[in-house]
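Report on one structure; see the data block that follows.
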Amino acid sequence: MQSTKLKTLLIYKYLRKFSDEENPLSSHQLIDLLKKDGVVCERKSIYADVKALNQCGFEIESVLSPKRGFYLKAREFSTPEIRLLIDAVNSAGFITPQKTVSLTDKLKGLLSDHQAGSLSSQVYQESANKCDNEEIYTIIDLLDNAIAGQKQVRFKYRTRKIDKENIKSYTTKSFVVSPYALIWKDDRYYLVCNKMSHDNLMNLRLDRIRNLMILDAPARPVSECSEYEVFDPADYSAKMFNMFSGTVETVTLRCHLDLREQILDRFGSKIPLTAVDIWHFDTDVKAAVSDGFVSWIMQFGDMIKVVKPQYLADMVLEKAQKILKVYE
3 MQSTKLKTLL IYKYLRKFSD EENPLSSHQL IDLLKKDGVV CERKSIYADV KALNQCGFEI
63 ESVLSPKRGF YLKAREFSTP EIRLLIDAVN SAGFITPQKT VSLTDKLKGL LSDHQAGSLS
123 SQVYQESANK CDNEEIYTII DLLDNAIAGQ KQVRFKYRTR KIDKENIKSY TTKSFVVSPY
183 ALIWKDDRYY LVCNKMSHDN LMNLRLDRIR NLMILDAPAR PVSECSEYEV FDPADYSAKM
243 FNMFSGTVET VTLRCHLDLR EQILDRFGSK IPLTAVDIWH FDTDVKAAVS DGFVSWIMQF
303 GDMIKVVKPQ YLADMVLEKA QKILKVYE
């Protein structure tokens, strides 16, 4: 296997896999690795290959101290960036345990073995809340194509049954919907879509979808079932609470001063904050009024009051009374 072009590619492969700033590879190490792959060469040819790789833009750095050798300086991602991506993969409930391991290994493959090894001892593998839907990649790919092609889709939607024997079983329903967007929120992946018999948007979890097919029928225009002429995922996501659909309203909230940061984190820095007294401020926000929004308000107890609309204040009061009744 005496190919000069192959030798250059093999050297790049070794530098990518085994070298980093703290672990450069010497010319002797590169010669030994090449020999294992059946390529015999002299040391001076290594320098010519490294020069050729640099001319192609691969940024191979030559160092003299503390150890003489070469390492791949330019990588697609830095170690901290890979760490962030791996943490996101591990915390994503819609990615199965098997796919989590596979995707994590692929991300580590973008680093040197030494860098990847240092990450392995730090990465926390979350498995308790992982889904078991191995179709998830196929579903995402098909939905991307359906959304781009403005086509309806058909699929089975699975939810967990509850029974006295605590047997793990599921109820399955068939859906035909017009898909508009995929949204990742609260560590879950959702399909925003419309069922033709309803004039609103609904959010369905991707990990519960099975046997998805793209249909020939055109998708319903989103303007016929929502406030959007062109769907805006960022705006829609910002107004949803726990991904419950609802009518978007301007809501006035009276909040305790201690909630200032939580309110800004949730609704953004552009919302108005108007002082009412030394302990409270009012703010006007756009939100989808739903049971999810009511639950979000109630988590703050007496630190938030709905000023308007009145029907939302009534919803909060009604839910509080129902909770009180449970404990009486």
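Take any residue in the sequence shown, count from 1 to its spot, add 2: that is its number in the working numbering.
Ideal Cβ placement from N, Cα and C applies to all residues, glycine included.
Fair warning: this is a prediction, and the values are worked out from it, not measured in the lab.
In the same chain as E78, and ignoring 5 residues on each side of it, the C-beta atoms closer than 8 angstroms to its own belong to L112, in chain order. Here C58 is exposed: its Cβ has fewer than 16 other Cβ atoms, across all protein chains shown, within 10 Å. Non-local beta-carbon contacts of T252 in its own chain, meaning distances under 8 angstroms to residues more than five positions away in sequence, involve D286, V287, K288 in chain order. For a cut-off of 8 angstroms, the C-beta gap from A221 to S180 is around 4 angstroms, short enough to register as a contact. The shortest CA-to-CA distance from R212 to any of Y172, K158, I273 is the one to K158. Out of D189, K108, L214, K46, the CA that lies nearest to the CA of S93 is found in D189. Under the three-state reduction of DSSP, V91 is assigned to helix.
Across the set T98, I84, L145, T140, the C-alpha of I84 shows the shortest separation from the C-alpha of A118. Residue pairing by DSSP places I211 opposite Y159 in a beta bridge. With respect to the 7 angstroms criterion, I88 and T106 are classified as neighbours on the basis of their beta carbons. Under the three-state reduction of DSSP output, I97 falls in the coil class, being neither helix nor strand.
Remark: C-beta atoms of I216 and A148 approach each other more closely than 7 angstroms.
In the displayed model, I273 falls within coil according to three-state DSSP, outside both helix and strand. DSSP places Y73 in the uninterrupted beta strand (DSSP E) bounded by 71 to 74. A Cβ-Cβ separation of about 5 angstroms places T174 in contact with R160 under the 8 angstroms criterion. Taking the CA atoms as reference points, Y238 sits about 30 angstroms from Q323. Shown here, K19 sits in a helix according to DSSP, grouped into three states. A Cβ-Cβ contact shorter than 7 angstroms links P26 with K69. It is roughly 19 angstroms from the alpha-carbon of A290 to the alpha-carbon of K197. Between the beta-carbon of V278 and that of R256 there is about 6 angstroms, and that keeps the pair under the 8 angstroms contact cut. Excluding the 5 residues flanking it on each side, H30 has same chain C-beta neighbours closer than 8 angstroms at R45, in chain order.
Within a 10 Å sphere around the beta-carbon of R162 sit fewer than 16 other beta-carbons, which makes this residue exposed. Listed in chain order, the non-local C-beta contacts of A219 below 6 angstroms within the same chain comprise Q154, local neighbours out to five positions each way being set aside. Under the three-state reduction of DSSP, P82 is assigned to helix.
By alpha-carbon distance to F295, the top candidate from F60, A315, H282, F96 is A315. Its chain contains C133, I138, R190, Y191, L208, D209 as the residues whose beta carbon lies nearer than 7 angstroms to that of F96, once the 5 sequence neighbours on both sides are disregarded; these appear in chain order. Between the C-alpha atoms of Q301 and D284 there is a straight-line separation of about 18 angstroms. By the 16-neighbour rule on beta-carbons within 10 angstroms, I265 is buried.
Taking C-beta atoms as the reference points, S176 and M204 fail to come closer than 7 angstroms. Excluding sequence positions up to five before and after L206, its CB lies within less than 7 angstroms of the CB of Y159, Y192, L193, C195, all in the same chain and listed in chain order. The beta carbons of K19 and S114 sit about 6 angstroms from each other, so the pair counts as a contact at 8 angstroms.
The continuous alpha helix (DSSP H) containing Y139 extends over residues 138 to 151. Relative to T10, the option among D22, V42, E23, E24 whose CA is nearest is V42. Taking H282 as reference, the option from I273, M305, V232, S28 with the minimal CA-CA separation is M305.
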